[in-house]
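Visitor: Got a structure for you, questions after.
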Amino acid sequence: MSILSNFVKEFKATYAKKEEIYEKGLVGDIKRIKAALLDPKFMPSSSLEAILDKQIRRARYPMEVAITGQFSAGKSTFLNALLSRNILPTGITPVTSKVNFINYGEEYKLKITYKSGAEEYHSIENIAAFTDQRQKDMDDIKYLTLYAPMDVLKDISFVDTPGLNSQSQSDTDTTKRVLRDVGGIIWLTLIDNAGKQSEAKILEEYMSHFKNKSLCVLNQKDKFTPEQVNTTVKYIQEKFSQFFAQVTPISAKMALEARALHQDVLLKTQYDKIIEEFKHDLWEKDVDNLSFFEEKFKAYKQEIIKIQNTDTTQNRQLIEESNIQEVLDFINNTIRPQAAEAKEYAIKKDLRSFCDILIKEYQTIIGVFGSLSDVLKESEEEILSEFDAIHKTYSKELFTIYNALESIMETMANVTYKNIKKQKAYRYEAKSSFLSKDSYEKIEYETYWIDSDNVYKNLFYDDQTIDKMFKKAIKDLKQVQLDSDTAFRNVYRNLKHKVQRWQEPYELIKKQREIASDSEFSATRHFAAKVYENILRDYHRAILENISALRKKFAYFNGALSYSYIQTTQATIAHFEQQIAESVLLYEKEPTKFHIYHPREEEILTKLRVNFGFEKIEDFLTSKRNYLFKIIKYSKEQYLEINQGRIEFVLSKQSEYLSKIEDLKAIQESI
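Under this note's numbering, the first residue of the sequence shown carries the number 202, and numbering increases by one thereafter.
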């Protein structure tokens, strides 16, 4: 028992399904939904897994704020000002040609992600070589990620876009896709360009659902008077109130200059520099103590004191004039508080939409099987009618053949009857006499004989009338067999044609959305391609079985009709010759009691029919429940049974997907 108990424990430990426990929060919820959607029963695609993984990364990463607008609005300069460092290249032409993700990192570095999936890292000083539209050979780059050790990036990831009127349509399309996923948008435009019709169209298309998290930044305020700036701000607030929660005029150039010289930024820069130098020297030099770094550390301390003693009044005034703090306040007080909730809402909305997509794709597959079951159901009445038509058509033809055979029998009986001839015969009857003891009287009487030679001559030899009539009947019967074969095959061909018309479009059916299951659609295509094996084969086998049974019966009667009708006639004549001979013997013994037998035509016909087995022929050809009727009746019953079975089989396939849809709806409702 202990061995068995240990086996059970080991089995449960190895194979028992363990309930997954997910972490609390959005990431845990996504993982739970991911596990449910990637259940093997759904045969999930790799694309679905990838997009679910993307949602997990999206939930873990900081909220993304896109910096966008039309080109040459100063987006890169503005972003440099937010980051307090001149990192991104700027210029008078559209410079940023790729999407740049600016994320938090322990140190400054640049990651290049190529369309092939390859990645490589570079120093941030090389960023211009990968972002500037003025550089060549950048088509193979997908996007760039800039890592920087800045606290703001722990909560917010900035996305620098090429703009919505880039020189490259593909880059414009990329920007449009980015805008669908971000948590907030900072729309940057030049004061003297704000509110133009070109901007209005773009805002109408892409910004309406971002109102509460969108900031309109009017750049280059330093080039205009306060009155001009205020007039423009008021105009934008009134005209585009449905798009922006706030409109803020700034000078990105002044902000960058001021923030780059901000005391905290300068101190952090010196700190990063000394740490980097210390790491480098420690790695490169073989040292036993820290004396190698004393001089550099003294220089660092002097620089720190110098920065701390610097008068920051002018710098603070420059920051205030640039109005960049108003932008930072909007990010911290408006975008950030709503970011987590908005991100969760957007992710869960996407997860529900994934379920909708999968459900619709399953509904497409259900439609495939549903249309096939409709074909089988709708064909039923027509197929049964075709079977009935076979019976009706060929029953008439069989009756015609029967009439021809009956006419042959009547002709043979008539010719035989006409050739029953009289002949004189004598019998001797004993007579008593006084003159003689034994005396016999010769008495003449009439008897009959059948002139068989003349019968054969008239029926078979002179013009071969009966031979021709039999051959025609056999030929007609063979034709009925061939025609009924064809009719049975046409019943199957009709059904096959209907099913193949269903099959044609579904052999090539493909999923409409990338995340749908490749395997499910592959299985559906395979089912359609194998429709003979899956559906038609049972019908085909049944038809061939029925044709075979009908052929065997026709072959039997063909054989019966092909049997030597001369021998049958001879046997019939011999029968009646014996009957006549027996009657003569009886008559001669007791003439007063018996008479000479003379066969009637009806008797000859009856005997011919018996010798030919005509009762079976009659039953096969003319009976209301003849063999054709029995075959048709069996065929109809067999067809209905097969059809019901195939419909149930198809509906069982459909039911599998209906069950999966219910499971997907349950998953969707749990989100």
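Glycine residues also receive a C-beta, built at the ideal position from the N, C-alpha and C atoms. Only a predicted model underlies this, so the values are computations on that prediction, with no experimental measurement involved.
In angstroms, rounded to a whole number, what distance separates the CA positions of VAL379 and GLY385?
Guide: 11 Å
Visitor: Check the DSSP bridge columns for ARG628 and list the partner residues they point to.
Guide: ILE644
Visitor: Specify, as a first and last residue, the run of the beta strand (DSSP E) that LEU239 falls within.
Guide: Looking at the DSSP string, LEU239 is not in any beta strand (DSSP E), and its letter there is neither H nor E.
Visitor: Assess, as a yes-or-no matter, whether the region 605-615 is touched by the region 799-808 under the definition of 3 or more beta carbon pairs within less than 8 Å.
Guide: yes
Visitor: Do VAL360 and ALA267 have their C-beta atoms within less than 7 Å of each other?
Guide: At a Cβ-Cβ threshold of 7 Å, VAL360 and ALA267 count as neighbours.
Visitor: Going by CA-CA distance only, name the one from GLY229, LEU573 and CYS417 that's closest to LYS440.
Guide: CYS417
Visitor: From ILE862 to ALA237, what distance separates their C-alpha atoms?
Guide: 13 Å
Visitor: Is the region 427-446 touching the region 255-269 in the sense that three or more CB pairs, one from each, lie closer than 8 Å?
Guide: no
Visitor: Where DSSP assigns a beta bridge to THR390, which residues make up the other side?
Guide: LEU419
Visitor: Check for me: the alpha helix (DSSP H) holding PHE850 runs from which residue to which?
Guide: 828-871
Visitor: Who pairs with HIS901 in a beta bridge, going by DSSP?
Guide: What the structure shows of the chain is the stretch from 202 to 872, and residue 901 is not part of that stretch, so it cannot be assessed.
Visitor: So is TRP388 buried or exposed if we call it buried at 16+ other beta carbons inside 10 Å?
Guide: buried
Visitor: Could you tell me which of GLN855, ILE313, GLN539 and LYS316 sits nearest to SER574, measuring between CA atoms?
Guide: The residue with the shortest Cα to Cα distance from SER574 is GLN855.
Visitor: Compare the beta carbon distance of ILE342 and LYS397 with 7 Å and say whether it is the shorter of the two.
Guide: no
Visitor: Is DSSP giving ILE293 helix, strand or coil here?
Guide: The predicted model places ILE293 with a pLDDT of 44, which falls under 50 and marks its position as unreliable; any figure quoted below should be read in that light. Three-state result, ILE293: coil.
Visitor: Do the CB positions of ILE766 and PHE671 come within less than 7 Å of each other?
Guide: One point to set straight first is that residue 766 is Tyr, not Ile, in the sequence displayed. Yes; because the gap between Cβ atoms is below 7 Å, this pair is in contact.
Visitor: Is ASP684 near ILE748, with beta carbons less than 7 Å apart?
Guide: For the 7 Å CB-CB criterion, ASP684 and ILE748 do not form a contact.
Visitor: Taking the C-alpha atoms as reference points, what is the distance between PHE815 and HIS799?
Guide: 24 Å
Visitor: Less than 7 Å between C-beta atoms, sequence neighbours within five positions excluded: which residues of the same chain meet that for VAL692?
Guide: ILE584, GLU587, PHE588 and ILE744
Visitor: Tell me, please, which residues DSSP counts as bridged to TRP484.
Guide: Paired residue(s): none; TRP484 is not in a bridge.
Visitor: Strictly by DSSP, which residues pair up with ALA267?
Guide: DSSP, once it has assigned bridges, lists VAL360 and ILE386 as partnering ALA267.
Visitor: For VAL811, does the count of other Cβ atoms within 10 angstroms reach 16, so buried, or fall short, so exposed?
Guide: exposed
Visitor: Going by other Cβ atoms of all chains shown within 10 Å of its Cβ, with 16 needed for buried, is ARG517 buried or exposed?
Guide: exposed
Visitor: To the nearest whole angstrom, what separates the beta carbons of VAL569 and TYR707, a pair I think is in contact under 8 Å?
Guide: 5 Å
Visitor: Taking Cβ positions, are ASN281 and LEU345 nearer each other than 7 Å?
Guide: no
Visitor: Tell me the residue span of the beta strand (DSSP E) that contains PRO450.
Guide: In the DSSP assignment, PRO450 falls within the beta strand (DSSP E) that extends over 447-450.
Visitor: For GLU721, collect the residues of the same chain with a Cβ closer than 7 Å to its Cβ; drop the 5 residues on either side in sequence, then sort them by chain order.
Guide: MET244 and ILE566
Visitor: Would you mind giving the Cβ-Cβ distance between ILE621 and ILE667, rounded to the nearest angstrom? I have them listed as a contact below 8 Å.
Guide: Contact flag wrong, Cβ pair sits at about 18 Å.
Visitor: Could you tell me the boundaries of the beta strand (DSSP E) in which ASN287 lies?
Guide: Counting along the chain, ASN287 falls outside any beta strand (DSSP E), and DSSP gives it neither H nor E.
Visitor: What's the gap between the Cα of GLU221 and the Cα of LEU239?
Guide: 14 Å
Visitor: I need the DSSP call for ILE651, collapsed to helix, strand or coil.
Guide: strand
Visitor: Under a Cβ-count criterion, where at least 16 other Cβ atoms within 10 Å of its own Cβ denotes burial, should ALA782 be classed as buried or exposed?
Guide: exposed
Visitor: Under a Cβ-count criterion, where at least 16 other Cβ atoms within 10 Å of its own Cβ denotes burial, should PRO295 be classed as buried or exposed?
Guide: Any answer about PRO295 is weak, because its pLDDT of 47 lies below 50 and its placement is not dependable; what the coordinates show is given next. The residue is buried, with at least 16 neighbouring Cβ atoms inside 10 Å.
Visitor: Consult DSSP for ILE328 and reduce its assignment to one of helix, strand or coil.
Guide: Here ILE328 sits in coil by DSSP.
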